[in-house]
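Novice:
Number of protein chains: 2
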Amino acid sequence: MAQNPERRAALVNAAIEVLAREGARGLTFRAVDAEAGVPKGTASNYFANRDHLFDQVGKRIHERMGPDPAVLEDSVRRPQNLALAIEYMQALFGRITHDRSGYLALHELRLEAVRRPELRTTLTRPISENLERDIGFHLDSGLPGDRSTVVMLYLAMSGLIVEHLTLPGVLEAVDIDALIADLVTRAVATPDA
Amino acid sequence: MAQNPERRAALVNAAIEVLAREGARGLTFRAVDAEAGVPKGTASNYFANRDHLFDQVGKRIHERMGPDPAVLEDSVRRPQNLALAIEYMQALFGRITHDRSGYLALHELRLEAVRRPELRTTLTRPISENLERDIGFHLDSGLPGDRSTVVMLYLAMSGLIVEHLTLPGVLEAVDIDALIADLVTRAVATPDA
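Here the protein sequences come in this chain order: V and A.
Residues 4 to 196, numbered by our numbering, are exactly what the first sequence covers, in order.
Residues 4 to 196, numbered by our numbering, are exactly what the second sequence covers, in order.
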């Protein structure tokens, strides 16, 4: 297996573009080589098979969409802050709408996972770990709300991002920043507590 | 254009199965004929082209996933009822997890809409209308909450359903009925009102 790390990264990023544009069925080694502008056969030197490529793509998407470390540090310095929780979600939305390909590729992978049990296993782990990390982070940093708050925000933000990326006209009349603020404010309210 | 309504309905339902299983790229007239068990060439007598087929599929999915009229009537008889709003969302989740193909097909269509502006227009209209109808219904029947409540529930339920259908392991440890109850309870709380 070839090991030039920059080239491997470039191939994985090219695969994300192909996936976002063509769907999982269009993701072939040949298409990745063409997208990355490298000689035919290059991708097959870097990935044992398509499952291996899918696996690397899943990991890379999560890196690309992860939070800015500066924002995380800021949260630790300003605990119990609702405004910060709102900013954090607004930043997530901004980040993802600036990396359309990453999120669309992840969505293509999700649908492909319905058909490929191995890919399902591969994707479930990092997504579960990210969610657990977000829950731990939320609780440890003293942000308002509880475990359900984080699950709820995760689900609603996923729904919002998919809607916005695929059928932007549906929420055309909605002020997204205000909606996110409203969403966070309600999710942290724990009526039963 | 051939007009036998039962056959047309059977072809559209077959197209939903193909779409859920194979993705948008796999949706060909030939695959629809095979899935419906009809002679080759039948689908092309019923649909002018693939856009026409996509359009019919989009409409049919919305019919399949719409609420039970009895539930709607019940809501009108028991206004301002939080428990009813919870039941309503739990029923939605149950209905969709019993029609996996419909929802997965809708999701394949969403991703295909990123690539096909005409399909985007076709899908945006019924989805926007459904959301507006849900908002109007919610407000008219005196259920607690406001316009944002319904948008929030719509987005969070979409996120939940996609997560559950594509990577069920992520929410394996979560009691979904309790999560939905929690979600509705918080979404109807309007802290600024």
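Glycine residues also receive a C-beta, built at the ideal position from the N, C-alpha and C atoms.
For V:Ala-23, which option in V:Asn-133, V:Gly-40 and V:His-110 has the closest C-alpha, if you only look at C-alpha atoms?
Specialist: The residue from V:Asn-133, V:Gly-40 and V:His-110 with its alpha-carbon nearest to that of V:Ala-23 is V:His-110.
Novice: With 16 other CB atoms within 10 Å as the buried threshold, where does A:Met-4 fall?
Specialist: exposed
Novice: Give me the Cβ distance between V:Gly-105 and V:Arg-53, rounded to the nearest whole Å; I'm assuming they're in contact under 8 Å.
Specialist: Actually they do not touch by this definition, with Cβ atoms about 19 Å apart.
Novice: Using a cut-off of 9 Å between C-beta atoms, extract the partners of A:Arg-113 located in chain V.
Specialist: His-110, Val-165, Glu-166, Leu-168, Thr-169 and Leu-170
Novice: Indicate whether at least one CB of chain V lies closer than 7 Å to the CB of A:Leu-122.
Specialist: no
Novice: Can you grab the Cα-Cα spacing for the pair V:Arg-19 / A:Leu-85, in whole Å?
Specialist: Reading off the sequence shown, one finds Ile at residue 19 of chain V, where the question assumed Arg. Rounded to the nearest angstrom, the two C-alpha atoms are 43 Å apart.
Novice: Measure from the alpha carbon of V:Thr-188 to the alpha carbon of each residue in V:Gln-93, V:Asp-143, V:Arg-98 and V:Gly-97, then state which is nearest.
Specialist: V:Gln-93
Novice: What number of angstroms, rounded off, separates the C-alpha of V:Leu-146 from the C-alpha of V:Leu-156?
Specialist: 13 Å
Novice: Show which residues of chain A have a CB atom less than 7 Å away from the CB atom of V:Val-21.
Specialist: Chain A residues near V:Val-21: none, gap ~13 Å exceeds 7 Å.
Novice: Quick one: which chain V residues come within Cβ less than 8 Å of A:Leu-134?
Specialist: Val-173
Novice: What is the DSSP secondary structure of A:Leu-182, reduced to helix, strand or coil?
Specialist: helix
Novice: Given that A:Ser-151 touches chain V, what residues does it touch there, using C-beta distances under 7 Å?
Specialist: Leu-182 and Asp-185
Novice: Would you mind telling me which residues of chain V sit closer than 9 Å to A:Gly-26, beta carbon to beta carbon, in chain order?
Specialist: Gly-26, Ala-27, Arg-28, Glu-111, Leu-114, Glu-115 and Arg-118
Novice: Determine the DSSP secondary structure at V:His-65, reduced to helix, strand or coil.
Specialist: Here V:His-65 sits in helix by DSSP.
Novice: So, does the CB of A:Gly-139 fall closer than 7 Å to a CB anywhere in chain V?
Specialist: no
Novice: Residue range of the alpha helix (DSSP H) that V:Leu-4 falls in?
Specialist: A small fix is needed here, since residue 4 of chain V is Met in this sequence, not Leu. No alpha helix (DSSP H) contains V:Met-4, which DSSP labels as neither H nor E.
Novice: With 16 other CB atoms within 10 Å as the buried threshold, where does V:Asn-16 fall?
Specialist: buried
Novice: Contact between the segment 126-143 of chain V and the segment 163-174 of chain V: three or more CB pairs below 8 Å?
Specialist: no
Novice: How many Å lie between A:His-141 and A:Val-154 at the Cα?
Specialist: 11 Å
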